[in-house]
Each structure stands twice: as structure tokens, then as C-alpha cells.
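Asks: Protein chains in written order, with this note's numbering: chain V, 97 to 210; chain A, 5 to 117. Even glycine gets a Cβ: it sits at the ideal position worked out from N, Cα and C. One structure is given below, represented as C-alpha cells, and several questions about it will come after.
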Amino acid sequence: GESVGLHLPTLSVQEGDNSIINCAYSNSASDYFIWYKQESGKGPQFIIDIRSNMDKRQGQRVTVLLNKTVKHLSLQIAATQPGDSAVYFCAETGPTDSWGKFQFGAGTQVVVTP
Amino acid sequence: DTEVTQTPKHLVMGMTNKKSLKCEQHMGHRAMYWYKQKAKKPPELMFVYSYEKLSINESVPSRFSPECPNSSLLNLHLHALQPEDSALYLCASSPDVGNQPQHFGDGTRLSIL
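Next comes the structure, spelled out in C-alpha cells:
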């Protein structure tokens with residue numbers, strides 16, 4: 097999605113619940129997708145990636161789902177913990193983007209409440 | 005701790021100053037990147053180096069001058085910056101360009117007076 101003004105979309109989640117962060121992308125030719133986590137005062141940290149020949153990939157407590165039909169990507173975090181509080185960015189690239197140029201989404205702020 | 009190290013962590017400079025940002029990685033990656041990030045926004049690509057050669061310049065003003073002295077180091081030379089250049093400058097690296105994760109440093113927070 098696109099950012100509006102200076103406010104990031106925010107997802108408030110209770111500790112222990114599952115989180116779902118969504119991302120819409122626009123380039124149907126994109127064939128590689130990444131999720132990054134950025135904590136306050138730090139650089140983006142790679143979480144998980146997925147290629148377009150897959151529709152689901154699982155990591156440790158995280159699952160990425162890709163729906164190419166509607167150009168939608170989601171990140172699911174199981175049993176959300178306080179340390180999961182951060183801004184999450186999706187990013188995409190494809191054969192029309194050369195040299196490692198990723199298109200980043202606007203970001204989602206995840207706030208974990210006790 | 006990240007495997008991409010950026011120095012300094014913070015930098016305040018006047019509009020007439022010349023300064024440099026430094027980035028180092030020892031993962032054997034052959035692609036390195038500079039990004040600019042404003043508050044509450046995603047990173048914006050500035051430059052891409054592949055095998056120590058500049059591959060992409062995203063129409064960045066000439067007051068920003070990148071340099072790749074060797075495969076482990078990436079510099080960004082700054083001169084005559086404007087207040088709107090105040091931002092977090094991130095360096096990243098990846099094994100090669102293309103469809104693979106980029107590993108980011110924690111950035112240099114730059115303030116232009």
C-alpha cells in the first residue's frame with residue numbers, strides 16, 4: 097500500500113496472539129518478495145523471502161503467504177512477543193527490475209500490548 | 005549486531021562541510037547499496053555497486069558521491085548538503101545483485117544544520 101501523510105498503518109496485537117500483516121503489490125511481473133523488520137534505531141532486518149513459484153513458506157514463528165492472482169502478500173507471526181514490536185516492510189522485485197532494485201511497501205507499525 | 009557496519013552512527017554537519025559515511029562488510033558480498041530513509045517511510049535506493057563498479061545511480065544529486073575502494077568497503081562522500089538531506093542513510097550488501105536478500109547496517113543518522 098501507499099503511505100498517507102506521516103502516519104504508518106498500525107497493527108495493535110495482544111501478546112501471545114497471532115499477527116497478520118498485509119501487503120499489496122502492483123507489478124504482476126514481480127517474482128521475488130521479502131519481508132523486513134525494522135526496530136527503532138536499527139536498520140531493516142531480513143525475516144523471510146518467497147519466490148513466485150511458491151504460495152507459502154514457513155520460518156521460525158513466521159509464515160509468508162503469496163497470492164499472485166490478487167497480487168497480495170502477507171506475513172503471519174505466531175504467538176506475538178514484545179520483541180516483535182517494530183515496523184514491517186514488504187519488498188518486491190522482478191525481471192523488470194535489474195541490479196537488486198526492490199520496491200518497498202509503505203510499512204506497517206506493529207505494537208504488541210501486554 | 006549486524007554484519008554490515010556503518011560509521012559514524014550519528015553525524016551533524018553544516019551545509020558547507022564535507023564529510024564521509026563509511027560502510028564495511030566481511031561476508032564476501034559483491035553487491036553493496038546506499039539507501040536514504042526518512043522518518044516513517046521505506047528506504048529509498050540511491051546507489052548500487054556490483055563487483056566494485058557503480059551499476060545504478062537513482063538520479064541522486066551530485067552533492068552525494070559514492071565510492072567503493074574494495075569489495076568490503078563502501079563510502080558516501082557528502083558536500084554542500086541541504087537541510088532536506090537530513091535522514092537515516094543505510095548501507096546494505098548481498099552476495100550478488102538480483103533476487104536475494106539484502107543485509108542492512110543500522111545506518112548513519114545525518115542532520116544538516
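1) Take the Cβ of V:GLU188 as the centre, count every other Cβ of all protein chains shown within 10 Å, and call the residue buried at 16 or more, exposed below.
2) Excluding the five sequence neighbours on either side, which residues of its own chain have a C-beta within less than 7 Å of the C-beta of A:VAL16, listed in chain order?
3) Please state the DSSP three-state secondary structure of V:PRO178.
4) Considering only the alpha carbon of each residue, which of A:VAL52, A:ASN21 and A:GLY32 lies closest to A:CYS95?
5) Leaving out the 5 sequence neighbours to the left and right, which residues in its chain are closer than 8 Å to V:THR176 when beta-carbon positions are compared?
6) Can you check which of these residues, A:SER63, A:ASP89 and A:SER69, is closest to A:ARG113 by C-alpha distance?
7) So, at 7 Å on beta carbons, what are the nonlocal neighbours of V:TRP195 in its own chain, with the 5 sequence-adjacent residues on each side left out?
8) Considering only DSSP beta bridges, list what A:SER115 is partnered with.
9) Output, in sequence order along the chain, the residues in the stretch 186 to 206 of chain V whose CB is closer than 7 Å to any CB in chain A.
10) Please classify A:PRO87: does DSSP put it in a helix, a strand, or coil?
11) Against chain A, with Cβ distances strictly below 9 Å, would V:ILE130 count as a contact?
12) Quick check on the burial criterion: 16 or more other C-beta atoms within 10 angstroms. Buried or exposed for A:THR11?
13) Please work out which residues of its chain come closer than 6 Å, Cβ to Cβ, to A:SER54, disregarding the five sequence neighbours upstream and downstream, and give them in chain order.
14) Go ahead and label A:MET50 buried or exposed: buried means 16 or more other beta carbons lie within 10 angstroms of its beta carbon, across all protein chains shown.
15) Using a Cβ-Cβ cut-off of 7 Å (strictly less than) and excluding sequence neighbours within five positions of A:ALA84, which residues of its own chain qualify?
16) Listing by chain order, which chain V residues have their CB less than 9 Å from the CB of A:GLY32?
17) Can you list, in chain order, the residues of its chain whose CB lies under 8 Å from that of A:THR9, leaving out five sequence neighbours each side?
18) With C-beta atoms as the reference, is V:ILE47 less than 9 Å away from V:ILE130?
19) How many Å lie between V:GLN199 and A:PRO46 at the Cα?
20) Hey, does V:GLY139 have any beta-carbon neighbour from chain A nearer than 9 Å?
21) How big is the Cα-Cα spacing for V:PRO140 and V:ALA202?
Replies: The short version:
1) Along the first sequence, read from residue 1 onward, the residue named residue 188 of chain V stands at position 92. Label assigned to V:GLU188: buried.
2) Within the second sequence, residue 16 of chain A is the residue found at index 12, counting from 1. Result list for A:VAL16: SER115 and LEU117, in chain order.
3) Residue numbering aside, residue 178 of chain V sits at position 82 when the first sequence is read from its first letter. V:PRO178: helix per DSSP, three-state reduction.
4) Translated into positions along the second sequence, residue 95 of chain A becomes position 91. Nearest C-alpha to A:CYS95: A:VAL52.
5) Within the first sequence, the letter at position 80 stands for residue 176 of chain V. Excluding sequence positions up to five before and after V:THR176, its CB lies within less than 8 Å of the CB of VAL109, GLN110, GLU111, GLY112, ASP113, ASN114, SER115, VAL206 and VAL208, all in the same chain and listed in chain order.
6) To locate residue 113 of chain A, count along the second sequence from 1; it is residue 109. Residue A:ASP89 is the option with its Cα nearest to A:ARG113.
7) Reading the first sequence from its first residue, position 99 is the one you call residue 195 of chain V. Once the five neighbours on either side are set aside, V:TRP195 has no close Cβ partner at all.
8) Residue 115 of chain A sits at position 111 when you count from the first residue of the second sequence. BP columns for A:SER115 point to A:VAL16.
9) Listed in sequence order: THR189, TRP195, GLY196, LYS197, PHE200, GLY201, ALA202 and GLY203.
10) Within the second sequence, the letter at position 83 stands for residue 87 of chain A. In the displayed model, A:PRO87 falls within a helix according to three-state DSSP.
11) The residue given as residue 130 of chain V occupies position 34 in the first sequence. Chain A contact via Cβ: present.
12) Within the second sequence, numbered from 1, the residue matching residue 11 of chain A stands at position 7. Around the CB of A:THR11, fewer than 16 other CB atoms lie within 10 Å, so the residue is classed as exposed.
13) Within the second sequence, numbered from 1, the residue matching residue 54 of chain A stands at position 50. Result list for A:SER54: ALA35 and VAL101, in chain order.
14) Working through the second sequence from its first residue, we reach residue 50 of chain A at position 46. That one is buried.
15) As a working note, residue 84 of chain A is residue 80 in the second sequence. Cβ neighbours of A:ALA84 within its own chain (closer than 7 Å, five residues either side excluded): MET19, THR20 and ARG67.
16) Mapped onto the second sequence, residue 32 of chain A falls at position 28. Here the premise fails: no neighbours, minimum Cβ distance about 16 Å.
17) Working through the second sequence from its first residue, we reach residue 9 of chain A at position 5. Answer for A:THR9: CYS27, GLU28, GLN29 and GLY109, listed in chain order.
18) There is simply no residue 47 of chain V to check, as chain V begins at 97 and stops at 210 in what is shown.
19) Taking the first sequence and counting its residues from 1, the one referred to as residue 199 of chain V is at position 103. Taking the second sequence and counting its residues from 1, the one referred to as residue 46 of chain A is at position 42. Roughly 9 Å between the two C-alpha positions.
20) Residue numbering aside, residue 139 of chain V sits at position 43 when the first sequence is read from its first letter. Taking Cβ atoms only, chain A reaches closer than 9 Å to V:GLY139, which makes this a yes.
21) By 1-based counting over the first sequence, the position of residue 140 of chain V is 44. By 1-based counting over the first sequence, the position of residue 202 of chain V is 106. When rounded, the distance between both Cα atoms is 13 Å.
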